[in-house]
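Colleague: Below is one structure. I have some questions about it.
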Amino acid sequence: MAVEYRDGLISGCHICQNISLLQLCSRCRAVQYCSNEHQIRDFQSHKTRCKAIKCSLDELNSAQQRIRSYPGDDYWSGRVAGPRLDCMRKRLALVDALGLIKTRDSVHTQLHHLQGNIRLGSTSEGERVPFLLLRLDEDQDAYDFIKWWTARTAQPDERYLDVQDADAFEAPDFLLKEESFSPSALSATLLIKIKMLQDLEALEASIALIGPKVPQEILDNIQVNVLRSPIIRSRILLSRTSSNGGETMRNAVEELQSQIHRISVFISDIDWIPADAREWAKRIWTLMPDTYDAWIEVPGSIETFKRLMGKDAEGRL
């Protein structure tokens, strides 16, 4: 039986994870089943969440229909009010309802609606986007988004997400400023770099343990299968063609370790309180489910952080 269960998200049948002959639940469109039997079997545990998602979908469709009944795009240019604002709120409610379903279909849909709200002018929901991208194993897109989001002006640029292939190995200086402090950007960047570090350490270990014992082709296949970060996966061929690949890898490991430490120290040393503490607390609370899911779905991420930070890590998690 073909089974796929990656990164903590179910990609196949909600009961057996089979990826053949799948059909979406017709109501919530967030869960898949390989047979009617499995859909019936899952009904009792799924029905409450399914109903909540379906209600949110219906409300969003009604809000979108109201927008279509108003004048053309010129009328709404620069306006985030009335039906458009209602539509954005309905989208956010749908995202929250979908957040209870841990499937790739659900996360894809959440991402779609948050990106839609950002294009309509939202200035807050972008903080959740990197975590959804990370859960979908789209680390480079997550880092590109962080770079764009932290550099945006008060009003998002018309060229939505015009940052591509940013260097995730770079120093995190652009994040380590109080005036542009973003808890989501720091947490997501920390996770991206930890995933990269885990892969580089795994590559080093594979070379040391079995490199001298097996042909290069076998070693290459083993290394590809242990990689979790798509950023590292896309660069591994370059390192193989380098005459000093081992030294380059060791330098990258040490640099990532240093960057992770810098980000953590910056977070723990902040001793200022935002002017609107209540709004700040609300933002942190909203981000908690997305942050938790993204971190917990990367095996060993928290342990790696604790190992690097030692005793200091306990007070920062």
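For the sequence shown, UniProt numbering gives the first residue as 1, with consecutive numbering after it. Don't be surprised by glycine CBs; every beta carbon is placed ideally from N, CA and C.
Measure the alpha-carbon distance for serine 26 versus alanine 252 and round it to whole angstroms.
Modeller: Position 26 of the sequence shown, counted from the first residue, corresponds to residue 26. Position 252 of the sequence shown, counted from the first residue, corresponds to residue 252. Cα-Cα distance, rounded: 47 Å.
Colleague: When the Cα atoms are used, what is the spatial distance from histidine 261 to leucine 308?
Modeller: Residue 261 sits at position 261 when you count from the first residue of the sequence shown. Residue 308 sits at position 308 when you count from the first residue of the sequence shown. Approximately 7 Å between the Cα atoms of the pair.
Colleague: Can you give the Cα-Cα distance for isoleucine 263 and tyrosine 143, rounded to whole angstroms?
Modeller: The residue given as residue 263 occupies position 263 in the sequence shown. The residue given as residue 143 occupies position 143 in the sequence shown. The straight-line gap from Cα to Cα measures roughly 15 Å.
Colleague: Is DSSP giving cysteine 55 helix, strand or coil here?
Modeller: Taking the first residue of the sequence shown as position 1, residue 55 is located at position 55. Shown here, cysteine 55 sits in a helix according to DSSP, grouped into three states.
Colleague: Does DSSP classify glutamine 44 as helix, strand or coil?
Modeller: Walking along the sequence shown from the start, residue 44 turns up at place 44. It is helical.
Colleague: Nearest CA to the CA of proline 172: which residue from Gln257, Arg235, Leu200, Glu201?
Modeller: Here residue 172 corresponds to residue number 172 of the sequence shown, with the count starting at 1. The shortest C-alpha separation from proline 172 is found at Gln257.
Colleague: Does the CB of glutamate 59 have a neighbour CB from chain B at under 8 Å?
Modeller: Of the protein chains in the structure, only one exists, and it is not chain B.
Colleague: Tell me whether the beta-carbon of threonine 109 lies closer than 8 Å to the beta-carbon of valine 31.
Modeller: Position 109 of the sequence shown holds residue 109. Position 31 of the sequence shown holds residue 31. No, the pair does not count as a contact, with Cβ atoms beyond the cut-off.
Colleague: What are the boundary residues of the alpha helix (DSSP H) that includes alanine 303?
Modeller: Within the sequence shown, residue 303 is the residue found at index 303, counting from 1. This sequence places glutamate at residue 303; alanine is not what is there. Segment 301 to 309, the alpha helix (DSSP H) holding glutamate 303.
Colleague: Got a sec? Which residues, its chain only, sit under 6 Å from aspartate 86 by beta carbon, not counting five neighbours each side?
Modeller: Locating residue 86 in the sequence shown gives position 86, counting from the first residue. So the qualifying residues of the chain are Ala63.
Colleague: In terms of alpha-carbon separation, which member of Lys195, Glu217, Ala208, Arg235 lies closest to arginine 228?
Modeller: In the sequence shown, residue 228 corresponds to position 228, counting from 1. Of the listed residues, the one whose Cα sits closest to arginine 228 is Lys195.
Colleague: Does DSSP put leucine 9 in a helix, in a strand, or in coil?
Modeller: For the purposes of this step, residue 9 is taken as residue 9 along the sequence shown, with counting starting at 1. If DSSP states are grouped into helix, strand and coil, leucine 9 belongs with the strands.
Colleague: How many Å lie between leucine 209 and asparagine 61 at the Cα?
Modeller: Stepping through the sequence shown from its first residue, residue 209 is reached at position 209. Stepping through the sequence shown from its first residue, residue 61 is reached at position 61. The straight-line gap from Cα to Cα measures roughly 57 Å.
Colleague: With 16 other CB atoms within 10 Å as the buried threshold, where does serine 124 fall?
Modeller: As a working note, residue 124 is residue 124 in the sequence shown. Serine 124 sits exposed, since fewer than 16 C-beta atoms from the chains shown fall within 10 Å of its C-beta.
Colleague: Using the beta-carbon count (16 or more within 10 Å), is valine 224 buried or exposed?
Modeller: In the sequence shown, counting from the first residue as 1, residue 224 sits at position 224. Around the CB of valine 224, fewer than 16 other CB atoms lie within 10 Å, so the residue is classed as exposed.
Colleague: Which first and last residues belong to the alpha helix (DSSP H) in which leucine 111 is found?
Modeller: Here residue 111 refers to the residue found at position 111 when the sequence shown is read from its first residue. From DSSP, the alpha helix (DSSP H) with leucine 111 extends over 104 to 119.
Colleague: In the DSSP assignment, the alpha helix (DSSP H) including lysine 195 goes from what residue to what residue?
Modeller: Reading the sequence shown from its first residue, position 195 is the one you call residue 195. Secondary structure note for lysine 195: its alpha helix (DSSP H) is the uninterrupted segment 183 to 210.
Colleague: Sort Phe131, Val163, Gly121 by Cα distance to alanine 188 and report the nearest one.
Modeller: Walking along the sequence shown from the start, residue 188 turns up at place 188. Comparing Cα-Cα distances from alanine 188 to each of Phe131, Val163, Gly121, the minimum goes to Phe131.
Colleague: Taking DSSP as the reference, what is the three-state secondary structure of glutamine 223?
Modeller: What you label residue 223 is simply residue 223 of the sequence shown in a count that begins at 1. Helix, per DSSP.
Colleague: Does the pairing of the region 107 to 122 with the region 32 to 47 give three or more beta-carbon distances under 8 Å?
Modeller: no
Colleague: Under a three-way DSSP split, which group does leucine 24 fall into?
Modeller: Along the sequence shown, read from residue 1 onward, the residue named residue 24 stands at position 24. Strand at leucine 24.
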